[in-house]
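A.B. asks:
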Amino acid sequence: MNSFYFTSNRQRLAEAVKPGSLTAIFSGEEIRKTNDEYYPFFADRNFVYLTGLTCKEAVLLIMKEQDGSVQERLYLLPPDAYAERWTGRRVKPQEATEISGVEEIRHTGAFLGDLHQLATSGRYEHLYLDLYRCSSEDIDRPAHKLNALAQKEYPFLQIGNANLPLRELRTIKQPCEIEALRQAEKITGEGIVAMMKISRPGLYEYQYKAAFDNVIGQHGPYVHGFPPIISAGSNNFCIHYYSYTGQSHDGDMILNDVGAQYENMITDVSRGWPCNGKFTERQRLLYECALKTSNYMFSIIRSGMRMMDVDATIRRYNAERLVEAGAMTSVDQIGTYMWHGGAHHIGYDVHDVVQTPEILAPGMVFCIDVGIYHEEWGIGFRLEDNCLVTETGCENLSAGIPRTVEEIEAVMAESK
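Under this note's numbering, the final residue of the sequence shown carries the number 1201; numbering is consecutive throughout.
(1) For Glu1161, which residues of its own chain have a beta-carbon under 7 Å away from its beta-carbon, when the five flanking residues on both sides are left out?
(2) Under 6 Å from any heavy atom of the ligand MG, does the C-beta of Gly1031 make it?
(3) Which value, in whole angstroms, describes the spacing of the CA atoms of Ile847 and Ile810?
(4) Is it true that the CB of Ala965 sits closer than 7 Å to the CB of Met1050?
(5) Kindly list the residues whose CB is nearer than 8 Å to the CB of Lys877, restricted to its own chain and excluding five residues on each side of it in sequence; keep chain order.
(6) Using the beta-carbon count (16 or more within 10 Å), is Lys849 buried or exposed?
(7) Would you tell me roughly how many angstroms separate the C-alpha atoms of Gly1148 and Gly1132, rounded to the nearest one?
(8) Rounded to the nearest angstrom, what separates Ala1112 and Leu949 at their Cα positions?
(9) Of all the alpha helix (DSSP H) runs that stay within the bounds of the stretch 957-1044, which reach a length of 4 or more residues?
(10) Is the beta carbon of Leu951 sitting closer than 7 Å to the one on Asn831?
(11) According to DSSP, what are the bridge partners of Tyr823?
(12) Using only alpha-carbon positions, find the residue among Asp1053, Gly1057, Leu1076 and Pro1142 that is nearest to Val1095.
(13) Just to confirm before moving on: does the CB-CB distance between Ile983 and Ala1017 stay below 7 Å?
(14) Are Met980 and Ala996 closer than 7 Å when you measure CB to CB?
(15) Tell me whether Phe791 sits in a helix, a strand or coil according to DSSP, three-state version.
(16) Pick from Val1008, Ile957, Leu859 and Val1196: whose alpha carbon is nearest that of Val1138?
(17) Whether or not the stretch 1158-1175 and the stretch 1053-1066 are in contact is what I'm after, with contact meaning three or more pairs of Cβ atoms, one per stretch, closer than 8 Å; do they touch?
(18) Start and end of the beta strand (DSSP E) containing Tyr1158?
(19) Can you tell me whether DSSP reads Leu916 as helix, strand or coil?
(20) Express the C-alpha separation of Arg1091 and Leu1145 in angstroms, rounding to a whole number.
(21) Pick helix, strand or coil for Ser1142, following the three-state DSSP scheme.
(22) Leaving aside the five residues before and after Glu1199 along the sequence, list all residues of the same chain whose C-beta is less than 8 Å from its C-beta, in chain order.
(23) Report the residue from His1004, Thr1030 and Lys994 whose alpha carbon sits nearest the alpha carbon of Pro1013.
(24) Is DSSP giving Ser1084 helix, strand or coil here?
(25) Taking the alpha-carbon positions, what's the Tyr913 to Leu838 distance?
(26) What is the rounded straight-line gap between the Cα of Asp923 and the Cα of Val855?
(27) When DSSP labels each residue in this structure, what does Gln943 get in the three-state scheme?
(28) Under DSSP, the beta strand (DSSP E) around Ile1119 begins and ends at which residues?
(29) Measure the Cβ-Cβ separation of Glu815 and Phe826 and say whether it is below 7 Å.
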């Protein structure tokens, strides 16, 4: 991603907000973990989308005048030799400009004073903030704190939610974003194949994870798109499993739901395989149902299809295959064996914060996720691939990662 990409993203956001508005987007703050230790900092995805910067305690301010003209400023932590000795080098103004394309750089200490001056100038009627919350229990982020301050100090400013236009912008992936996803798919695939090749009865989940981490770690220090889900046997029946303490036993399926990121674009791929390298009759039967469902979806998805029909079709088609295979007696039982949705968008987040579309359009990228959890048979797995909607249909971006029974068994046989 170059500065033109980030400049373009900001221009499109500026076009979406009203004249006479201030828009402030924060990079976020560290969260304390324990005593004097903090959780690793992870910059707000919308801030990264607009600037390319991943530094903490930064602010992007966009000023749109009544005549439609736009100015931009970045507020960064100032140089501090003592602090940088302990916690690392801070991005310098020239570097920030080269990455983001924002010319005017100021120190964070000036932000509230500048905001006050602008808010009381009489030129602005609106203040846009990214006020997104995933849950009402979420802690206040800098935008929520500024919202409270603005309502008290500047009640004449109408508060707008910048998250809404940003969702719109992130829904359609740009060519450079799709190329980044392709690179992330390759890295993800390398990690999955590495786990397949070491797989054997007796291996612990944390050893599978170590193999994945080792491979993708060769591509950079911040390559995980999200915490890997890697489980064996009965642990596969926990959808979001992060303990990594279980041990695989002969006959167990290994479930993994993993993804690498490249240029901040995140993949989300799931593969399942028998730890001993050979599918049993029942494992193959269920896996083939999932594979047929996935292949069918990639054959019918195209621009103009309703998004809600994607998930519904996955459930219906998979239910029919499971009935045909004798794994269940009625399609009405599908809720017993499919526990989660079959499609979500990916991008800057693994569950990308987009404006969920009514109708599919070229440039949208989402998962085709077919999960089957047959507790009576002790078999649980999911087959998840990444679907790019194109002008003529769709493309499976993760098709190169072994996904058929034959491909998986062949890869696993290489290490035997």
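Don't be surprised by glycine CBs; every beta carbon is placed ideally from N, CA and C.
C.D. replies: Judging by the given coordinates:
(1) none
(2) Of ligands this structure carries none, so the ligand MG is not represented either.
(3) 9 Å
(4) yes
(5) Pro864
(6) buried
(7) 11 Å
(8) 43 Å
(9) 960-983 and 990-1001
(10) yes
(11) Arg817
(12) Pro1142
(13) no
(14) yes
(15) helix
(16) Ile957
(17) yes
(18) Val1150 to His1159
(19) coil
(20) 6 Å
(21) Sequence inspection shows Pro at residue 1142; the Ser mentioned does not correspond to that position. Pro1142 falls in the coil class under three-state DSSP.
(22) Lys982
(23) Lys994
(24) helix
(25) 20 Å
(26) 33 Å
(27) strand
(28) Per DSSP, Ile1119 belongs to no beta strand (DSSP E); it is in the alpha helix (DSSP H), Ile1119 to Tyr1122.
(29) yes
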